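Q: Provided herewith is a single structure, encoded as structure tokens, for subsequent inquiry.
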Amino acid sequence: MSEQEKEHIEDLIGKYILNEATQQEKAEVEAWAQLNSENEKYLKDSQLIFEKSQIPSSPKFNADKAWEKVHPQLDIPGKRHVFMQPFWRVAAGLVLIASLAYIFYTQLNFVEEQVFISQNEVVTQIFEEEAEVTLNKDSEVKVAFNSRKKTGVIDLKGEATISISEDKKASWLVEAGELKILDIGTVFHVRAIPEEDHVEVSVFEGSVQFFTDEQEGILLESGEKGRFDKATQQFFKDEANPNVIAYKTRIFEFEDLPLQEVVDQLNQVYQQSIRLEGPIGNCPITVNFENESLETVLSIITETMGLDLDESGDEIVLSGESCF
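In case it helps, UniProt numbering puts the sequence shown at residues 1 to 324.
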């Protein structure tokens, strides 16, 4: 969770306790509290501290009776002080502020943050021995792990394949801008390029909840892909393409796929410039590759489809007159 998000939830909890929150803000606080037992306990503790610190307002406060009750317990002489009520109201407020600050400090003090950036190569990192994150090129993650609450937040910009151990001891949440992906023990892929008009989540094991703070979103099971349109703020569900994680696995499964789509995927994974010449873009091909070099992949494709291959500088051209 970012510092801005921490401040946001702190502000909401304060408004919630003071009964100044809107219905939407109340719902957000209650949803946050339900995420785990630590959040729920924190909210209850905050409410208890506030309730214990309250002193009746002026019209209901009888200074004489209060003083008569307290005075016998004091071993000092004195007379009634008219400033007792405002003093204790201020003191109670200070106790509340100090107590809340201490709780927030003890929670935040257990948070460890790490940042990883991939530029020209695919990078894999393992967090807390249970969350593996493989970044595609030109991607970035900031991971915040709270060892006290056993919660991890992965803030992603770009593209990543995330694998969470089945026997995990912490709960993990992926954030991509306004979107959130709640892990339920799984392997999934996220494509969240800031410049693109949508965000995609593909699940290959287990399930995830794909949502925003304002929308419940959709539940994605293994083999499903979720797509969020940034313009319309709508979620869509489709079949997952296993090749989206080929940059990590180097495994391709092409089944009756048009050659142009095959070339597009190869360009993306191998970071090459491959183009087609001739009316061959729609020619279907069925073939699988596992951890093969680009040279081997192209050799098999050209032999299978009866194509010519020509290398010109940094460009590779596949040409043919028709489908084989």
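For every residue, glycine included, the Cβ atom is placed at its ideal position computed from N, Cα and C. Just so it is clear, the structure is predicted and the values come from calculations on it, not from any experiment.
1. For Thr232, which three-state DSSP category applies?
2. Between the alpha carbons of residue 340 and Glu25, how many angstroms are there, rounded?
3. Taking just the CA atoms, how far does Thr232 sit from Ile9?
4. Excluding the five sequence neighbours on either side, which residues of its own chain have a C-beta within less than 7 Å of the C-beta of Val297, listed in chain order?
5. Along the beta strand (DSSP E) that carries Ile162, what are the first and last residues, could you check?
6. Identify which residue in Val153, Val262, Val123 and Glu321 has its Cα closest to the Cα of Ser273.
7. Could you give the DSSP three-state label for Gly14: helix, strand or coil?
8. Using the Cα positions of Glu315 and Gly217, report the straight-line distance between them to the nearest angstrom.
9. Write down every uninterrupted run of the alpha helix (DSSP H) in the region 170-257 whose length is 4 residues or greater and which is fully enclosed by it, in chain order.
10. Which value, in whole angstroms, describes the spacing of the CA atoms of Ile154 and Glu196?
11. Rounded to the nearest angstrom, how far is the Cβ of Phe236 from that of Phe210, given a contact under 8 Å?
12. Could you give the DSSP three-state label for Gln47: helix, strand or coil?
13. Do Ser171 and Lys150 have their C-beta atoms within less than 8 Å of each other?
14. Our contact map puts Asn241 next to Phe252 with C-beta atoms below 8 Å; I'd like the distance itself, whole angstroms only.
15. For Glu7 and Ala246, what's the separation of their Cα atoms in angstroms?
16. Give the single residue among Glu200, Thr124 and Ala144 whose Cα lies nearest to the Cα of Glu112.
17. Out of Asp308, Arg191, Pro258 and Thr249, point me to the one whose CA is closest to Gly226's CA.
18. On a Cα-Cα basis, can you pick out the residue from Glu20, Tyr42, Val208 and Lys157 that is closest to Leu182?
19. Any idea what DSSP makes of Ser322, helix, strand or coil?
20. Over the uninterrupted beta strand (DSSP E) stretch that includes Leu309, give me the two end residues.
21. For the beta strand (DSSP E) that Leu35 lies in, which residues bound it at each end?
22. Nearest-angstrom Cα distance between Thr22 and Lys44?
23. My output table needs one value for Lys137: the three-state DSSP class, helix, strand or coil.
24. Quick check on Asp128: does DSSP put it in helix, strand or coil?
25. Whose CA, out of Ile193, Glu221, Glu132 and Asn291, lies closest to the CA of Phe204?
26. Check Gln265 in the structure and name its three-state DSSP category.
27. On a CA-only basis, which of Val174, Arg275 and Ile285 is nearest Pro258? Give me that one, please.
A: Reading off the structure:
1. Thr232: coil per DSSP, three-state reduction.
2. Examination of residue 340 is not possible in this model, given that the chain is present from 1 through 324 alone.
3. Distance between the alpha carbons of Ile9 and Thr232: 27 Å.
4. Within the same chain, Cβ atoms closer than 7 Å to the Cβ of Val297 are found at Leu266 and Phe289, the five residues on either side in sequence being excluded.
5. From DSSP, the beta strand (DSSP E) with Ile162 extends over Thr151 to Ile164.
6. The candidate whose alpha carbon is nearest that of Ser273 is Val262.
7. Three-state DSSP puts Gly14 in a helix.
8. Looking at the two C-alpha atoms, the distance is approximately 42 Å.
9. With a minimum length of 4 residues, the continuous alpha helix (DSSP H) runs that stay inside the region 170-257 are 246-249.
10. Going by the C-alpha atoms only, they are around 20 Å apart.
11. Contact flag wrong, Cβ pair sits at about 10 Å.
12. Under the three-state reduction of DSSP, Gln47 is assigned to helix.
13. Contact: yes.
14. Distance from Asn241 to Phe252 at the Cβ level is roughly 10 Å; contact not present, criterion being Cβ atoms closer than 8 Å.
15. The alpha-carbon of Glu7 is positioned some 39 Å away from that of Ala246.
16. Looking at the Cα atoms, Ala144 is the closest of the given residues.
17. Scanning Asp308, Arg191, Pro258 and Thr249 for the CA closest to the CA of Gly226 turns up Arg191.
18. Comparing Cα positions, the closest option is Val208.
19. Three-state DSSP puts Ser322 in coil, outside helix and strand.
20. Taken as a continuous stretch (DSSP letters only), the beta strand (DSSP E) holding Leu309 covers Asp308 to Ser312.
21. Counting along the chain, no beta strand (DSSP E) covers Leu35, and no H or E run does either.
22. Cα to Cα, Thr22 sits roughly 19 Å from Lys44.
23. In the three-state reduction of the DSSP assignment, Lys137 falls in the coil class, being assigned neither a helical nor a strand state.
24. Reading the sequence as shown, one finds Glu at residue 128 and not Asp. In this structure, DSSP gives Glu128 a state outside helix and strand, which the three-state scheme calls coil.
25. For the residues Ile193, Glu221, Glu132 and Asn291, the minimum Cα distance to Phe204 belongs to Glu221.
26. Gln265: helix per DSSP, three-state reduction.
27. Answer by Cα proximity: Ile285.
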